[in-house]
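A.B. asks: Numbering (the UniProt record's numbering), first residue to last: 1 to 455.
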Amino acid sequence: MNRHIFREYDIRGVVKTDLLPETIVALGKAFGTTVKRNGGSTVSVGMDARESSESLFKLLSDGIISTGVNVVNIGLVPTPLLYFSVYHLNTDGGVMITGSHNPPEFNGFKLNLEKDSIHGSGIQALADMIEANDFETGSGSMSETDVIEDYITMVRGKVQLKRGSKVVVDAGNGCGAIFAPRLLRELGCEVIELFCEVDGSFPNHHPDPTVPENLEDLIAKVRETGADVGVAYDGDGDRIGIVDEKGGILFGDQMMIIYARDILSRKPGSAIVYDVKCSQNLEDDIKKHGGRPVINATGHSLIKARLKKENAELAGEMSAHIFFKDDYFGFDDALFATARFLRIMAESDQKVSEFLANTPHVVNTPEIRVDCPDNEKFDIVKDITQYFKKDHDVVDIDGARVRFGDGWGLIRASNTQPVLVLRFEAQSQEKLDKIKTTFYEKLVTYPAMEGLKPF
């Protein structure tokens, strides 16, 4: 068994290379055993549209059932519907079979025990269980349930629009395509569909809405049709991309400002959680509107856990996972986030491009990823953190976010790849370049970073 598929937030790898049939059955046994030892008896299992998902579902379910745990098959659904099913059907956990935004040859598993994500040491415990062959036995059953209709009814009960908008939806051929256009039409919107045919080979563009190139078709269609807004989803429907009526992209931290203002107007004093990659503008705007900003380490499961701990009303990441606790369940759901955004639009007399007109101008970089060996990346980040702490204010919950007064720089080790992740922001291009140079000059002093080109 290849242990590197057991990652920080999920289990993921290349089908038939990393994800071998016997490994998937064993994973089902380990998950079923974990559920059973936790006092549970039934789990929901859903899958995305990848060509390998159905065969992985069969293997995983065989493993789960062999432990005496029952499987409820909720079929082809976006990831948020797997989370919804755990609440709605009151199951004891769930598994979503999805490769998310990875290339088509990948697939993976997102696991929940009761209503919480299994991550970190919990995922490693499953690998340990497999290696020890430590499984319960029994004979569970398989049943099927459609949760899509109940989900649509639930969203319509929570979100009503004063007026509809003209919306372009780019589902990127992922499973957000299954019913996103229908949901938005039922909310009263005019919907123009783009790549809303489910196709796990993703023939039109890679389903990752955080990469600007993947939004080019959406931007063009919004401009061509005179739409009010464009929305895009990743491969499994838990991350959202938004473009305004002019084709301007709203990034994850900018969406968070808009959502936070809406919530804080109704619930002043609420905690809002965000990750270390987000703009300083977000923290400042939360304070300005009477909220309590809470910065956290990057990572889906970590953000979700912090949301719960802080009793926050909203959490989000630069990667555009948006978690609503305000009138919702606290999991990330791009479809619900769309409905909430459309409600904000319906209640405003501004165009989307005007929503952030009063935020300070800043210059920032996208995420910069530089290769660094797995066995050195954490040591380098630790050393750099200590170096900057001598003269600067450093947030060190996830790498080092170094504050320079007129900007900041971030360096952290990726939890999933042999890379260092950097991001920079400042009040001018000149200041931004200065901060980048400061980081670069320190990085190239490490032998592992020899030959690194300026970023």
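Beta carbons: idealized from backbone N, C-alpha and C, even for Gly.
Verify whether the separation of the beta carbon atoms of residue 484 and Leu-307 is less than 8 Å.
C.D. replies: Absent from the structure is residue 484, since the part of the chain shown begins at 1 and ends at 455.
A.B. asks: Assuming the contact rule is C-beta atoms closer than 8 Å, Ala-400 and Val-381 should be a hit. Round their C-beta distance to whole Å, please.
C.D. replies: Start at 1 with the first residue of the sequence shown, and residue 400 comes out as number 400. Start at 1 with the first residue of the sequence shown, and residue 381 comes out as number 381. Contact holds; Cβ gap of about 7 Å.
A.B. asks: If we count the other Cβ atoms within 10 Å of its Cβ and call it buried at 16 or more, is Asn-375 buried or exposed?
C.D. replies: Taking the first residue of the sequence shown as position 1, residue 375 is located at position 375. Exposed, because fewer than 16 other Cβ atoms sit within 10 Å of the Cβ of Asn-375.
A.B. asks: Which runs of the alpha helix (DSSP H), 4 residues or longer, sit entirely within the stretch 251 to 322?
C.D. replies: With a minimum length of 4 residues, the continuous alpha helix (DSSP H) runs that stay inside the stretch 251 to 322 are 252 to 266, 280 to 288, 300 to 310.
A.B. asks: If you reduce the DSSP assignment to three classes, tell me which class Thr-365 lands in.
C.D. replies: Locating residue 365 in the sequence shown gives position 365, counting from the first residue. Looking at Thr-365 - three-state DSSP - the assignment turns out to be coil, as it is neither helix nor strand.
A.B. asks: I'd like to know whether the C-beta atoms of Val-362 and Gln-427 end up nearer to each other than 8 Å.
C.D. replies: Counted from its first residue, the sequence shown places residue 362 at position 362. Counted from its first residue, the sequence shown places residue 427 at position 427. Yes. Within cutoff.
A.B. asks: Count the other CB atoms within 10 Å of the CB of Met-345; is the residue buried (16 or more) or exposed (fewer)?
C.D. replies: Locating residue 345 in the sequence shown gives position 345, counting from the first residue. Result: buried.
A.B. asks: Would you say Cys-196 lies against chain C (beta-carbon separation less than 8 Å)?
C.D. replies: Considering every chain present, this structure includes no chain C. It has just one protein chain.
A.B. asks: What span of residues does the alpha helix (DSSP H) with Ile-148 cover, start to end?
C.D. replies: Residue mapping note: residue 148 aligns to position 148 of the sequence shown, counting from 1. From DSSP, the alpha helix (DSSP H) with Ile-148 extends over 148 to 158.
A.B. asks: So Ala-232 packs on Gly-241, CB below 8 Å; how close in whole Å?
C.D. replies: Here residue 232 refers to the residue found at position 232 of the sequence shown. Here residue 241 refers to the residue found at position 241 of the sequence shown. Yes, they are in contact, since the Cβ atoms of Ala-232 and Gly-241 sit about 4 Å apart, within 8 Å.
A.B. asks: What is the rounded straight-line gap between the Cα of Phe-202 and the Cα of Trp-408?
C.D. replies: Position 202 of the sequence shown holds residue 202. Position 408 of the sequence shown holds residue 408. So the two alpha carbons sit approximately 37 Å from each other.
A.B. asks: Return yes when the Cβ of Ser-52 is within less than 8 Å of the Cβ of Val-15, no when it is not.
C.D. replies: In the sequence shown, counting from the first residue as 1, residue 15 sits at position 15. In the sequence shown, counting from the first residue as 1, residue 52 sits at position 52. Yes.
A.B. asks: Which residues in the same chain as Val-402 place their Cβ atom closer than 7 Å to its Cβ, once the five residues preceding and following it in sequence are excluded?
C.D. replies: As a first step, residue 402 must be located in the sequence shown, where it is residue number 402. Answer for Val-402: Phe-388, His-392, Val-394, Trp-408, Gly-409, listed in chain order.
A.B. asks: Please list the segments of the alpha helix (DSSP H) lying wholly inside the stretch 344 to 432, counting only runs of 4 or more residues, in order along the chain.
C.D. replies: Runs found: 374 to 389.
A.B. asks: Taking only the alpha-carbon atoms, compute the straight-line gap between Lys-434 and His-205 and give it to the nearest angstrom.
C.D. replies: Position 434 of the sequence shown, counted from the first residue, corresponds to residue 434. Position 205 of the sequence shown, counted from the first residue, corresponds to residue 205. Lys-434 and His-205: Cα-Cα distance of roughly 35 Å.
A.B. asks: Take Gly-140 and list the residues in its own chain whose beta-carbon comes closer than 6 Å to its own, dropping the five residues that flank it on each side.
C.D. replies: Locating residue 140 in the sequence shown gives position 140, where the first residue counts as 1. Closer than 6 Å at the Cβ level, and outside the excluded window around Gly-140, lie Ile-65, Gly-68, Val-69, Asn-70.
A.B. asks: Below 8 Å between beta carbons: does that hold for Leu-187 and Val-169?
C.D. replies: Residue numbering aside, residue 187 sits at position 187 when the sequence shown is read from its first letter. Residue numbering aside, residue 169 sits at position 169 when the sequence shown is read from its first letter. No; because the gap between Cβ atoms is not below 8 Å, this pair is not in contact.
A.B. asks: Sorted by chain position, which residues of the same chain lie with C-beta nearer than 8 Å to Ile-397's C-beta, five sequence neighbours on each side aside?
C.D. replies: Walking along the sequence shown from the start, residue 397 turns up at place 397. Cβ neighbours of Ile-397 beyond the five flanking positions: Val-276, Ile-295, Asn-296, Ala-297.
A.B. asks: Using 8 Å as the threshold, is the C-beta distance between Phe-439 and Leu-432 below it?
C.D. replies: Residue 439 sits at position 439 when you count from the first residue of the sequence shown. Residue 432 sits at position 432 when you count from the first residue of the sequence shown. Going by C-beta atoms, Phe-439 is not nearer than 8 Å to Leu-432.
A.B. asks: Measuring only the C-alpha atoms, how far is Gly-46 from Leu-60?
C.D. replies: Here residue 46 refers to the residue found at position 46 of the sequence shown. Here residue 60 refers to the residue found at position 60 of the sequence shown. Computed Cα separation, rounded: 11 Å.
A.B. asks: Could you give the C-beta distance for Arg-323 and Lys-309, rounded to a whole number, given that I count them as a contact under 8 Å?
C.D. replies: Translated into the one-based positions of the sequence shown, residue 323 becomes position 323. Translated into the one-based positions of the sequence shown, residue 309 becomes position 309. It is worth fixing the name first, because residue 323 is Phe in this sequence and not Arg. About 13 Å; that fails the 8 Å criterion.
A.B. asks: Give the DSSP-derived three-state secondary structure of Lys-166 in the structure shown.
C.D. replies: In the sequence shown, the residue the question calls residue 166 occupies position 166. The answer is strand: DSSP assigns Lys-166 an E or B state.
A.B. asks: Mind reading off the beta-carbon distance from Ala-271 to Glu-313? Whole number of angstroms is fine, and I expect it under 8 Å.
C.D. replies: In the sequence shown, counting from the first residue as 1, residue 271 sits at position 271. In the sequence shown, counting from the first residue as 1, residue 313 sits at position 313. With 8 Å as the limit, Ala-271 and Glu-313 qualify as a contact, their Cβ atoms being about 7 Å apart.
A.B. asks: What separation, rounded to the nearest whole angstrom, lies between the Cα atoms of Asp-326 and Ile-263?
C.D. replies: Taking the sequence shown and counting its residues from 1, one reaches residue 326 at position 326. Taking the sequence shown and counting its residues from 1, one reaches residue 263 at position 263. Cα to Cα, the separation comes out at about 7 Å.
A.B. asks: Comparing alpha-carbon positions, which option in Val-222, Asp-406, Arg-163, Asn-173 lies nearest Ser-279?
C.D. replies: For the purposes of this step, residue 279 is taken as residue 279 along the sequence shown, with counting starting at 1. Ranking Val-222, Asp-406, Arg-163, Asn-173 by Cα distance to Ser-279 puts Asp-406 first.
A.B. asks: In three-state terms, what does DSSP make of Arg-239?
C.D. replies: Sequence index remark: in the sequence shown, residue 239 carries index 239 (1-based). Reduced to three states, the DSSP call for Arg-239 is strand.
A.B. asks: Indicate the three-state DSSP secondary structure (helix, strand or coil) for Gly-68 in the structure shown.
C.D. replies: What you label residue 68 is simply residue 68 of the sequence shown in a count that begins at 1. Three-state DSSP puts Gly-68 in coil, outside helix and strand.
A.B. asks: At the level of alpha carbons, what is the spacing between Glu-320 and Val-35?
C.D. replies: In the sequence shown, the residue the question calls residue 320 occupies position 320. In the sequence shown, the residue the question calls residue 35 occupies position 35. The identity of residue 320 in the sequence shown is Ala, whereas the question assumes Glu. Going by the C-alpha atoms only, they are around 30 Å apart.
A.B. asks: Suppose contacts are defined by Cβ-Cβ distances below 8 Å. Is Thr-91 in contact with Ser-85 by that definition?
C.D. replies: The sequence position of residue 91 within the sequence shown is 91, counting from 1. The sequence position of residue 85 within the sequence shown is 85, counting from 1. Their beta carbons are under 8 Å apart, which means Thr-91 touches Ser-85 by this criterion.
A.B. asks: Among residues of its own chain, excluding the 5 on either side of Gly-32, which ones have a beta-carbon nearer than 8 Å to its beta-carbon?
C.D. replies: Translated into positions along the sequence shown, residue 32 becomes position 32. Excluding positions up to five away in sequence, the list reads Val-43, Gly-63, Ile-64, Ile-65, Ser-66, Thr-67, Gly-68, Val-69, Phe-135, Glu-136, Gly-140.
A.B. asks: For the alpha helix (DSSP H) that contains Val-98, what are its first and last residues?
C.D. replies: Working through the sequence shown from its first residue, we reach residue 98 at position 98. Note on residue identity: the sequence assigns Thr, not Val, to residue 98. Neither: Thr-98 is in no alpha helix (DSSP H) and is coded neither H nor E.
A.B. asks: Where Tyr-9 and Pro-80 are concerned, what is the direct C-alpha to C-alpha distance, given to the nearest angstrom?
C.D. replies: As a first step, residue 9 must be located in the sequence shown, where it is residue number 9. As a first step, residue 80 must be located in the sequence shown, where it is residue number 80. Tyr-9 and Pro-80: Cα-Cα distance of roughly 16 Å.
A.B. asks: In three-state terms, what does DSSP make of Tyr-233?
C.D. replies: Along the sequence shown, read from residue 1 onward, the residue named residue 233 stands at position 233. DSSP places Tyr-233 in strand when its eight states are reduced to three.
A.B. asks: If you draw a straight line from the alpha carbon of Ile-258 to that of Val-198, how long is it in whole angstroms?
C.D. replies: Translated into the one-based positions of the sequence shown, residue 258 becomes position 258. Translated into the one-based positions of the sequence shown, residue 198 becomes position 198. So the two alpha carbons sit approximately 30 Å from each other.
A.B. asks: I'd like the ranges of any beta strand (DSSP E) spanning at least 3 consecutive residues and lying wholly in the stretch 34 to 69.
C.D. replies: Fully enclosed beta strand (DSSP E) runs of 3 or longer: 42 to 47.
A.B. asks: Leaving out five residues on either side along the sequence, give the residues of the same chain with a beta carbon under 8 Å from the beta carbon of Ile-130.
C.D. replies: Position 130 of the sequence shown, counted from the first residue, corresponds to residue 130. Excluding positions up to five away in sequence, the list reads Met-1, Thr-23, Ala-26, Leu-27, Lys-29, Ala-30.
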